[in-house]
Every structure is written in structure tokens, then in C-alpha cells.
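Worksheet: the structure to be examined is printed underneath.
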Amino acid sequence: MKLDRDSLRAADAAARVHATTQFDSPIVLQAGAGTGKTATLVARIVAWVTGPGWDCARELLGEVADAGQLARRTLSGVVAITFTEAAASEMSERVGGALAQLAAGERLPIGLHREALIAGDDELRARAAALRGAMEQLAVSTIHAFCGRLIAAHPFELGRHPEVAVDAEGDALEAVSREVVEDELARAYGDPGDEAWLRLAREGHGPAEIAETLFELLQAGARPHHFELDPLGERPVRALAERASAALRALHELLGPKVGDLGRAKKTIELAQALSAALGHFDQGPLELAAVLHCVDAELLEGSFDAKLTEFAKGSLGKAETDALGDDSAELAAAARDVQALLRHLRKLDPELLDAGRAVIAPLLTDARERLRRRGVASFDDLLADAADLLRNDAAALERERRRIDQLLVDEFQDTDERQCDIVRWLALRGPRADRPGLFVVGDPKQSIYGWRRADLAAFERFVADVEAEGGSVEQLVVNYRSSEAVLDEVGRAMEWVMLPEPGIQAHYEPLVVPASGADPKTAPPEGEPALEYRLYGELDTEGSAAKLGKLSRTLATRRDAEAVAEDIAGLHAAGRIAWGDCAILMRSTGDLDQYLDALKRRGVPYSVARDKSYYRRREVIDAAALLRAIADPGDLLALVTWLRSPAVGVPDGALLPLWRAGLPAHAVALDRPGGAALAGLEAAVERARAELPAGLPGLEHIDGWHHAAIDGLRALGELRQSLRTDPAELFVDRLRRRTLVEGTEAARFLGAYRVANLERFFARLVTALEDAAGDQTRVARALRRAVAESRESEEGRPREAGEDAVQVMTIHRSKGLEFRCVYLAQLHKESAGNRLPPVELEGYHAPSGEEHTAYVLFGAPSLDRDLLVARRERTEAAERVRTLYVAMTRASARLVCGSGWVDERFAGGNGPQFAKSHAELLDAREGVPTDLGALLAQLAGEDPAEAFVDDAHGARFRLVAPDDGATAAGREEVRPTDLARAARDVATLVAARAAARERAARPLVAPASADAHHLLERAFAESRLSSEDNRTAAPADATSLGSQAAMWIGSAVHGALEALDLEADLGPQLDAAEAQALEQLAVTFSGETRDAGLDRARALFEALRTGPLPTRLVELREGLLARELPVLLPPAPEEFAPTDPLGAWSGAIDLVYRDPGTDEVVVVDFKTDAVESKAARVERETVYAPQLARYARAVQEALDLPRRPRCELWWIATGEISTVLDPIG
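First residue of the sequence shown? That's 78 in the working numbering, and the numbers climb one at a time after it.
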């Protein structure tokens, strides 16, 4: 492709000047990727408001108007419409920033040329300053927000509620759908009943399915007039018969005359005869629908000609067929595809079901629409429809809007539909020219990729034609400021062979060029890496005389691609050649998202996932949503089962049937509070189910005690149902998280940090949803049920440590408007899913005659004209497949990596890019792909897999990525004899490794610093109890006889008293009050035989404090106190690897840290309430507590950066003595 780059740059420059200086005639600016369209939009606004717009405002307001008034009037006349709210916010900010630059006299904003600014320098600065202060008058919004304001200004003209509420989530539409269906049930199913409703019921479509169908139609923008025409009437039947006849006749005209030349091609001869017979029926005159279906069915559908039609469609002909039909192979393929499409359509028709569905839905839709109108509820589609109706039918409202707008700017216009075009058309291309606002429309048809959202390239082209007819101009921006020349040239090589213009379907490819000054130096690829790389994943076959490359399954190719992408990003980052945020992984769809995310997680690569449908497919989110549904809707037994089977509860599947037999559902529905008969019934049901389980049930031994978790989960359910009714939303969610500990459970699982991040996002959104629902529990439950069922879009959670510097992972559609240094195009081999028949659908289309029609599907039964919609949709999808590739490739500024399974045939479905099923097939048509690439790569891989790449003449690298298992199915290394001695050594190594792994897995993540002391004291308590039992004598009332738990309770009470002492006040009354409070708490805590002994022990310790020297010592040290009850979190030392040592940290609290007034050294103190009557006993206990004090000392030394370890002391409360356990070292 040879480009006249200078001419392209000159035309681009002229277009930019025209955009900022011509305001009287409409302009369509077709801005290619990366050409700075937003900068141009901002420049046009700034040029208008500081120049002609300001002068118009002065003419309107007069010379008496001050700068503030002029600024507000000027900006209020500018209306800018964008595709998203984010884009609207960005444009508004950039306009404000540009005005601030001009007001400060700084250099001109990007995209603005001095010739576009008609005011002098001083006047320009003054105007810009005034405008900067009136920015709130600038109206920048989405098309839906614009239409919403239009409707709000004219509610009575539209017959609408004066306050319109947009039902963004569809909750109101769903509620109204249920209401109107429920109101009809008595009539429909009563005596005698409604035959249409009964017919649907016999087909399995009851009230729930009818309500769901109505809801989906309302969301699709259905109106009563869409169902006014009888879908089985004379006109649609005649149109279907004409299409069928035309399709069959076109194929017969190719086959029929050649029957005598087909020789032994028996099936082809039979097909020609069947076509002739079917056409004979059509030639008899107008047919009823049943006759149309019967004649085609009898002659073709039962003849099993599908295989032969498929061969013709692919251009696959036998010898006799080639001799007879070879010259007409292209026409034959097209005719065969048309007949195949016809037969697919006819097979799906169900006239009786369609008629019944329409009879039921049409009146329900009318009722629902009226209820929504009275309540002031509108969908996004309603906003567009009502605004278009208002401008079309109300001349006064249209005139008021025209007078209000001086300049109308619309961005991303290539992704609009006919109604949005009509709205802009009525405002700016109709009526007296003097009354029209200036119009500036920006859109790149090469980036029109939202056909599934009703974006219509044909509507865009019709609008452009209208602009030109009204004296407007169409300009092109082709200078790209984003990408390197290597990337842009590669886009051209890929696109010029596949982006072939077709009116209303495909745009003409316009090449992109870098500025005359060259691309930004930042667009250089990472050092040592090619700017362009194609990674191919194929099956290497080295058998035979020459190596060959074969196709992999799509699943395996995707897995290898995910691993290769993650490995490449991790390696480049480790080498310091990229930042994480430089990279983006772009995907055609999110179906394989998990494989790519898991590969990134395994390598520690931080990532950020744009909103997608996988969030509500996450197991932890499904389980959390099920828990909430089970709480909010006691009758949702499916949610209850999901919660019971979740990791947080863990009921085995084998117990579910016994639980049901034991009556769990009824008790669960009745459970509405803690305790009560319902909970008792649930507990009894669990016990009965446990007893009923067979002992040999596989896996049961691994979840021994599951019934305890089940009972606790059911108790939690009762508590949380009561909390949901009585507590504020934030308190309820907090209790739910604390009571169930679902986050703790998920944190312990594989990739736990990501699971917890997802749950944090879920609970944060739950608080908002509950507050918005204003106490309507079932509304929240329904919304969650629908979100999970529909895999509603939401942003993926990620750990907090995965900050902004993260690899971006998103679909190609999400990437539109963004740019990245390194782009990895993933899963390019992924094929489109095809047009499946949905249960409900409604969409408008333009017939070949130009008339606008609406095709629909009700309860799985399509209207007779849906084949026309499908045909256009398939052509649009094929064209968008090319455009999404263009969008994806142009996101890269420096490096573009394309990953794909090996494609060994081009356009397998037919001749041309419209038959490509994947991006990989489209790229296979790229100019300059090396000849015999597969064989060449296979040969290189056989010699050295690491060097299996070829660089073409343009510098693009084609690399065969080696299989991750080191061998392929067809080319494995020769099997060598097993080395038994080595195998034995390996077994021994694995046994030792497994033992070490078990030991490590058993170690806690965090352990108390006093763990060793507790362990040894527990042993002492146990030995004491045995000794007491052997001697049959009563033990004294000390800690040993009371047991470790009682000793801890007493010790905690005394420690708390010491911590709370005010050392500046009299200690006696404080100790008396502390003793009274401690005894009151301990009297409740203790029970049985230990109560009196425990209280006596506590009294003795407080008496020792009152009479002993320790409180006095504490007061003496008060000036040098550094901390009391100092929290500690300390990583374990390298030598700490015992089974009880933690993997993560030691935790605890230091009772006292002070600076010795005599030596100025730091001292660590631990209070002890042990009963030690002798020096030998005290020395023994000092040995027990030494490891704990050593950890405390290390923590203080590291925290304060001390040159040596602090001295450690034990203060014995019972005796008033102080022991120095560890002297300073360092």
C-alpha cells in the first residue's frame, strides 16, 4: 500500500482549521483512531465561545451586558453530546482547562490554532477568564441525559408525568411486568379461561415466563404498535412466500439446466428435482402459510440436502459438479447460502405459538406502558423514543429547542441509531436555515462496533448524505498522535484487504499516518522486543519427510496464549523494560477471562479488570448472593441450598436429600429469628440427616462434624433475618460479615486475596442497594437473583495492594478511546457464537425496499420476517469483526502482540472477509505473510523451539510458541529406559518434601508471642491435676489447681487494672474500685467448684498489689514510661521453624516499656500473676517465659532501632518481686 503521506497530512491540517473556523454550515468530521478528535471538539468549543459566540451574545444582550452575563449566555448556547458520562466529564474538564490556559496567557491548548481565535490577546484573556467562571452553563452530556432534559421540559406535550425517573436497573419494569400478569391470572386461568394463555401453558410458558417475556420486551423498547399487525396475515405470508420462491428459484436456475451434465452426482440431481417440485407449488398462485411450509418441508426439509448445500456454500464441488457448474461456483455458493438461511428460518417457525404469544403479550404491553407512564418511569430507550416523537410532532417545542442552541456538537456519532440521527436531524438539518444551530458531528465509521446496541452504520451514512445535501462538508482526520509508524503501517497491511467498502455495512478504509515531525519517541517498543509480533499456537508434527504445523483445539490454544502473555509481561517487568500499567490485554469476549487472570495471578502480575460479566460468575460472589437471598427471601430454597453447600458451611451433597426428607424446607421458611420452634426443628432435621447418612459415603471422613457447621449456619440465618428487618443497612451487613466469616473462609482458599476483594466489593454495593430499596427486602433479593442469572456486568475486585500500576484487562469494546504502550490481542482464534434463537427478542430493521419493520420472537417463536433481520445482523457482525480488529490494533502505541491458534485455511466459510469467523482468519489475509509460514515455523521449531520465529520484510515477527509441556502429540522425544536408582531417590525426596509441606501447612499464620509459655503451662496444669487425683487431696487455690483458663481470666482482670491506673492520682481507691469490678465480672464468668477458689485467688492478688512494692515502683518510673500495653506484630526470626512457630507473625502486647532512670537503658516488663512460692519455682517459670520476652525485646529493638537488645523483667504480682530474665545483648 503506497501512501502519499504529505497529501494526507495537508488534508488533515485543513480539516482541523475548518473545524475551528467554520460555524455556519454543518460539518461531519470522520476522525480516525488516535487523531485527537476530543482535542478538536474542545478547540471548536473554545474558538466559538471566545469568538463568534461571544460576539453573538453581545449583539443579543447589548453593550450594557457585563463580561459575566456574556459568558453565561455564550456557554448556555453550546450543547455537546457524548457517548458516555465519563467522556462528557472529560470534555467539560478539558474545555475548562483550555480556557484557563488562555486566561493565563499560556501557550495555546492542543488542537487550537491562533487563526481560529479572532479576539486580540488582551481581549482573549479577559473573555477566557469570564468564561472560565461560567463553566456551569456549558451543557455536556450523554444523548440519554440530553433527551431526559428535553422530556422534563415538555412533560405535558408528551402526556408524561412531570417528574420522570429513569429505571436504570430495570427494577420498576420488572415490578410492573409482574403486576400486570398477576392482575390477569384470575381471568386467564379461570372459567372458561383464555385460550391463548392456556395454549402457552400447555407449551410450558406459565405466568413467570410471561412476566419475564414482558419485562424483556419493555427493556427492548417495545410499544403496542409493534404488535398491531397480524404476524400471520396476508402481507407477511405473501412476503415470506416471495422470499422463499426467489431463493429456491435462484439456486434452481443454476442447477436445473445442468442436470443432464451432472453425470453421477446423484444428490445434486435430486436437489435440483426437489427445487423444481417446490417451485411448482409456488407457481400455482398465492399460498397460505401452512401451504408454504408444507411444500418446502415436503420437498426440501425431508430430503436431507443440508450436507450438499453446505458443500456448495463452501465452494466444494465434485468432479462432475466442477465440470458442469465450475464457471458458476461463486453464484452457486451465494444461492446455496440463501437457501440454507431460508431453511433454517422455516424450521424455527411455530405459527400457533407465535399467534398465542402475541394475543397474550399485546394487551399486557399496553397495560404496562400505561402504568409506567402514570408513575413517571422511563427506560433509556423511552428517553430516545419520546424525544424523537416530541421533535417530530410538536413544532413549538422543536422551535424552542432550536432557539436555545447556538452550536450543537455530537461525538461518537458512528455508534448511533436511526432515532438518534432523527433527533439531531430535526434540530440542525430541518426548518429554515437561519433558525438552525451550527452542527459539528464527529464519528469514525471504521470504529462503529456497537451493532449489538443497535448502532446502525446505514443510519450514519444516510445522515452524512443529508448533511452534504444541506450544504455541509465531510472532513477527514488521519494524522495519528498515538502510535508508532510501525504500528500504523501494520494496521494498514491488515485492513486494506479486509475492510472493503459496502454501503450501509462496511466503511472505506482510510490509512493513518504519523505527524510530519515523526512519532513521539515514547512509542519505541521495549528494548530488544519487536514492535509487531504474531504468536501462533499450533500442533507440531515432525513425522514424515517435512515438519508440519497443525491446528490446536481452541481451548488449548487459549490456555497457551494466556500463559505466554503472562510470562511475557512478567519477564519484561522483571527486566525493568515496562511498567505494569504500560500493558493491556484486549479480548474479544470475556468467556475465557479466568484463564488469563489466573495466569497473571500465578506470576504475581497485578491487574485491573474493566467491568464485565464474569464478576457475578465468581463462586464467592454467587455464594454471598445466595446467602443474602436466603436471608431476604425465606422461600428461596435454591439460595438456601447454595448457601449450605458453600465453603462457609460445607454440607455434603449426600446430606441434602435426607435433610429434605427430615423437613428442613418447611422449618427454614418459618425461621425468622434466633431460637424458637423453627430453629429447633432445623437442628433436629440436621441430626436426623446425619444419622441417616451411610457410613461409607465417599469423602465423608474429610468433613467429620459437618452437622455442627450446618446448625451454626442455620442459626446465623435466623439471626440475620431478624437483623435485616430491624437494623440499618450498614449494621446488618457488618453483622452478616462478622457472623458468617465468609471472607475468612474465602481468604484461606486458592487466590484468596482476590476472592476477598470481590466480596468487599459485593458487600459495599449491598449496603447501597439496601439503602436504595428502603426496606423492600424482596426487591434486593430479586435484583441479586437476576444479576447472577444474567451475569450482569460489574467490575472485578482486586486486592488493595494491586494499585493503579496494573495490567489492564478488558474487552476490545471497553478499550475504545484508550491507548497503551504494549497491547496484547488475545484469543484471536475465538470464533463468533452465531445467531441462536432467543426466547424473546424485538428489533427494528430496514427491508430491501427501504421500509422500516420490526421483527420479534415470542416464547421462542419467531415472526415470519426474522430471517431478514438475521441476514442483516450477520452481515453487520461480519463487518464489525473487521472493525473491532481495527480498534484493537490501534490501541497500541509502541508494541502490538497478536496471539492466535494456527489457522490453516482462509475464509473457510466462503470467499471474502465476510466469511471469516475469527480475527485470526482476517489477519491471515494480511499483506506480506511469509509464504509457507506453517512449514517454515515447524522446521525451525524442530531445530530449536526457542528460535522458531520468522521476521517478514516489514519487521513483523511470526513466532511459534513452544508447547508448555515440552512436547507435542505428534513429536515426542524418544522414550528412554527408566533409571530405577534415580526414581528411588526421587521418591525419597518427594516423601520428605510432602512431610515438610504437611508440617508447614500445619503451622499457624499468626501465633501469640506467649505460645511456648502457654504450651508448657498447659503441661504443668495437666501434671498437677494427675498428681492431685493420685493423692486424693484437695489442691490449693492457686493457678495450677484452677486450670489454665481460670488463670487467664484472673490474669486478664489484674492486667486490666494495672493498665488503667492513673499514676498521678492516689492508687489505693483505684485498686479498690478495680478489685470490685473484677470480682463482679469473675463471679459471672466462673461456675461450679472453681467459683469460690477463683474469687479468692483474685482477692489475694489485689491485696498483694495494695500492700506490695510494685505499684510504688510503677509510680517512681512514670516519668520514664514509654508505653503500656504496647501491641506487637513481629515477623518470625529465621531460626524459628518449629511446628508451633507461625509462618507470618508473632502477636501480643507488652505490659510495660520504660527507660531506666539510673542507666538510661530501655526495659521490657511483663506482669505475671503465677503463684510461685519458692525460688526454684520462680526460676523454672522464668525459663518458661524467656522465649516470649525475647520476642518482645526483639520487637522493641527493631522498632526503636536500638543498638542492643533491651533488658527484660518479670514483675511477680503475688510476691512483689522483680526478676531480670534477659540481660541486654547486642
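Cβ coordinates follow ideal geometry from the N, Cα and C atoms, glycine included.
- Per DSSP, the unbroken alpha helix (DSSP H) holding glutamate 272 starts and ends at 272-279.
- In the three-state reduction of the DSSP assignment, leucine 294 falls in the helix class, which pools H, G and I.
- DSSP places phenylalanine 1035 in the uninterrupted beta strand (DSSP E) bounded by 1034-1037.
- For the pair leucine 441 and valine 217, the Cα-to-Cα distance works out to about 38 Å.
- Listed in chain order, the non-local C-beta contacts of alanine 229 below 7 Å within the same chain comprise Val241, local neighbours out to five positions each way being set aside.
- In the structure shown, the three-state DSSP call for threonine 1297 is strand.
- A Cβ-Cβ separation of about 7 Å places lysine 1245 in contact with isoleucine 1290 under the 8 Å criterion.
- Inside the region 621-693, DSSP marks whole alpha helix (DSSP H) runs of 4 or more residues at positions 631-651 and 670-679, from first to last along the chain.
- Boundaries of the alpha helix (DSSP H) harbouring phenylalanine 233: 232-235, taken from the DSSP string.
- Listed in chain order, the alpha helix (DSSP H) runs fully inside the region 417-481 are 428-452, 457-470 and 472-481, counting runs of at least 4 residues.
- For alanine 412, same chain residues with a beta-carbon under 7 Å away, outside a window of 5 residues either side, are Ala327, Leu328 and Leu331 in chain order.
- Excluding five sequence positions before and after leucine 356, the CB atoms of its chain that fall closer than 7 Å to its own CB belong to Ser322, Leu325, Arg326 and His329, given in chain order.
- Straight through space, the alpha carbons of leucine 777 and proline 742 are spaced by roughly 23 Å.
- Closest in alpha carbon position to cysteine 1285, among Gln1158, Glu1250, Glu1238 and Val746, is Glu1238.
- Apart from sequence neighbours up to five positions away, the residues of its chain that approach valine 119 with a beta-carbon distance below 6 Å are Arg171, Val172 and Ala175, ordered along the chain.
- The Cβ-Cβ distance between aspartate 1029 and glycine 1005 falls below 8 Å.
- A distance of 8 Å or more separates the beta carbons of phenylalanine 840 and valine 886.
- In this structure, arginine 209 sits near alanine 177, with a CB-CB distance shorter than 8 Å.
- Residue range 733-738 is occupied by the alpha helix (DSSP H) that includes proline 735.
- Assignment of beta-bridge partners to phenylalanine 517 by DSSP yields Ile104 and Leu486.
- By the C-beta density criterion, glutamine 361 is exposed, having fewer than 16 other C-beta atoms within 10 angstroms.
- Here arginine 1284 carries a strand assignment [DSSP, helix/strand/coil].
- Taking C-beta atoms as the reference points, serine 970 and arginine 898 count as a pair closer than 8 Å.
- Boundaries around aspartate 1228 are those of the beta strand (DSSP E), 1222-1232, since no alpha helix (DSSP H) includes it.
- About 6 Å separates the beta carbon of phenylalanine 160 from that of aspartate 492, a gap short enough to meet the 8 Å contact definition.
- Taking C-alpha positions only, proline 607 is separated from arginine 695 by approximately 37 Å.
- Beyond the five residues adjoining it in sequence on each side, arginine 631 comes within less than 7 Å, by CB distance, of His906, Lys907 and Gly978 in the same chain, given in chain order.
- Within the DSSP bridge table, the entry for tryptophan 529 names no partner.
- Counting only residues of its own chain and dropping the five nearest sequence neighbours on each side, arginine 636 has a CB closer than 7 Å to the CB of Gln672.
- Under the DSSP definition of a beta bridge, tryptophan 1289 partners with Lys1245 and Glu1294.
- Assigned with DSSP and collapsed to three states, glycine 921 falls in strand.
- Across the structure, glycine 267 and phenylalanine 292 are spaced so that their CA atoms are roughly 24 Å apart.
- Under the DSSP assignment, arginine 1201 falls outside any alpha helix (DSSP H), being part of the beta strand (DSSP E) whose first and last residues are 1198-1207.
- Nearest C-alpha to threonine 98 among Leu80, Ala124, Val336 and Ser84: Ala124.
- Exclusion of the five residues before and after aspartate 338 leaves Ala401 as the residues of its chain whose Cβ lies within less than 6 Å of its Cβ.
- Cβ contact annotation for glutamate 1136 (same chain, cutoff 7 Å, sequence separation greater than five): Arg1201 and Glu1202, in chain order.
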